[in-house]
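What follows is one structure encoded as C-alpha cells, with my remarks underneath.
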Amino acid sequence: MEIFNPIKAGIHYSFISYHHPRHSCFGHPGIVAVSRAITLAPGASLHAVGSRSADKASSFASANGFPPGARAYGSYDAVLDDPDVDAVYVPLPTSLHVKWAVLAAQKKKHLLLEKPVALNSAELDLILEACESNGVQFMDSTMWMHHPRTAKMREFLSDSQQFGELRT
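The working numbering numbers the first residue of the sequence shown as 1 and each following residue consecutively.
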C-alpha cells in the first residue's frame, strides 16, 4: 500500500466530528489543526463536516474557517454518502474507528484516521483490508511529529545540562 499524503492538492476533504459533552471543541483537538492545514494547502479544499447534529457541524465549520460553500451534515453517513467528498479525517473515539473507517473505505473515501487507530490488531487488519480491497489510501494521524512541541521536546531531551545524558 502506498503512503497517502493527507494534505494533497485537488482533494475535497471532509471531517467526521464528535462532540464530547465535557469538551467545548469537536472531536480530537487536532481537528482544528488539520482543518487549518488543509485550508492552507494549495488546491485542497474543506468540503464538509459531519457531526451527530447539523447545528454542531455548522457551528464547527463557522468557527474554523470552512469556506462558505462547505456542507454541514447532521450524520456521519451523510458525509460518506456525499459524492464530492474524496477523503475523510476521522477523530472519533477509538472504539468507533473500525465501524466508520470500514464504511468510509467501502464508500471509496481515502482515510486519515486519528490515533490510536484501533483497539487491537484484529480491528486494524479489518480497516487495512477494507482500504486495500476498495483501492483507497489509509494514513494514521501522526501530525505530532511535525508539531512545534515535538521539536521543543527533542531539544529538551538532547540538552544534557537540563536532562542528563540519554541512553538507549
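A virtual CB, placed ideally from N, CA and C, is assigned to each residue, including glycine. This one's a predicted model, so the numbers in the text were calculated from it and none came from an experiment.
Could you check if glutamine 137 is buried or exposed, using at least 16 other CB atoms within 10 Å of its CB as the buried criterion? Stepping through the sequence shown from its first residue, residue 137 is reached at position 137. That one is buried.
Looking at the unbroken beta strand (DSSP E) that takes in alanine 87, where does it start and where does it end? If you number the sequence shown from 1, residue 87 lands on position 87. First-last of the beta strand (DSSP E) with alanine 87: 87-90.
Starting from arginine 154, trace the alpha helix (DSSP H) both ways and give me its first and last residue. If you number the sequence shown from 1, residue 154 lands on position 154. Taken as a continuous stretch (DSSP letters only), the alpha helix (DSSP H) holding arginine 154 covers 148-158.
What span of residues does the alpha helix (DSSP H) with phenylalanine 60 cover, start to end? Sequence index remark: in the sequence shown, residue 60 carries index 60 (1-based). Here the alpha helix (DSSP H) through phenylalanine 60 covers 54-63.
Between alanine 175 and threonine 94, is the Cβ-Cβ spacing less than 8 Å? Shown here, the chain extends from 1 to 168; a query on residue 175 therefore has no answer.
Report the residue from Gly65, Asn64, Ala70, Asp77 whose alpha carbon sits nearest the alpha carbon of arginine 52. Taking the sequence shown and counting its residues from 1, one reaches residue 52 at position 52. The shortest Cα separation from arginine 52 among Gly65, Asn64, Ala70, Asp77 belongs to Asp77.
Under the three-state reduction of DSSP, which class applies to valine 49: helix, strand or coil? Position 49 of the sequence shown, counted from the first residue, corresponds to residue 49. Three-state DSSP puts valine 49 in a strand.
Residues near proline 21 by beta carbon distance below 6 Å, same chain, minus five either side: Taking the sequence shown and counting its residues from 1, one reaches residue 21 at position 21. With a pLDDT of 34 at proline 21, under the threshold of 50, the predicted position of this residue should be treated as unreliable, though the coordinate-derived value follows. Cβ within range, chain order: n/a, list empty.
Per DSSP, which one or two residues make a beta bridge with arginine 71? Position 71 of the sequence shown, counted from the start, is the residue given in the question as residue 71. DSSP output for arginine 71 lists Ala48 as bridge partner(s).
Which word fits leucine 40, buried or exposed, when buried means at least 16 other C-beta atoms lie within 10 angstroms of its C-beta? As a first step, residue 40 is located in the sequence shown; it is residue number 40 there, counting from the start. Per the 10 Å Cβ criterion, exposed.
What span of residues does the beta strand (DSSP E) with leucine 166 cover, start to end? The count along the sequence shown starts at 1 and reaches residue 166 at position 166. First-last for leucine 166: undefined, no H or E at that position.
How about valine 88 and alanine 104: are their beta carbons less than 8 Å apart? What you label residue 88 is simply residue 88 of the sequence shown in a count that begins at 1. What you label residue 104 is simply residue 104 of the sequence shown in a count that begins at 1. Yes, the pair counts as a contact, with Cβ atoms nearer than the cut-off.
From Phe163, Glu132, Lys56, Met139, pick the residue whose C-alpha is nearest to that of valine 90; which is it? Position 90 of the sequence shown, counted from the first residue, corresponds to residue 90. When each option's Cα is compared against that of valine 90, the closest is Met139.
Applying the 10 Å Cβ sphere with the 16-neighbour rule, what's the burial state of alanine 130? Taking the first residue of the sequence shown as 1, we reach residue 130 at position 130. Per the 10 Å Cβ criterion, buried.
Element boundaries [alpha helix (DSSP H), containing aspartate 82]: To locate residue 82, count along the sequence shown from 1; it is residue 82. Segment: none, aspartate 82 is in no alpha helix (DSSP H) and carries neither H nor E.
Spatial distance of arginine 167 from serine 35 (CA atoms): Numbered from its first residue, the sequence shown carries residue 167 at position 167. Numbered from its first residue, the sequence shown carries residue 35 at position 35. So the alpha carbons of these two residues sit roughly 38 Å apart.
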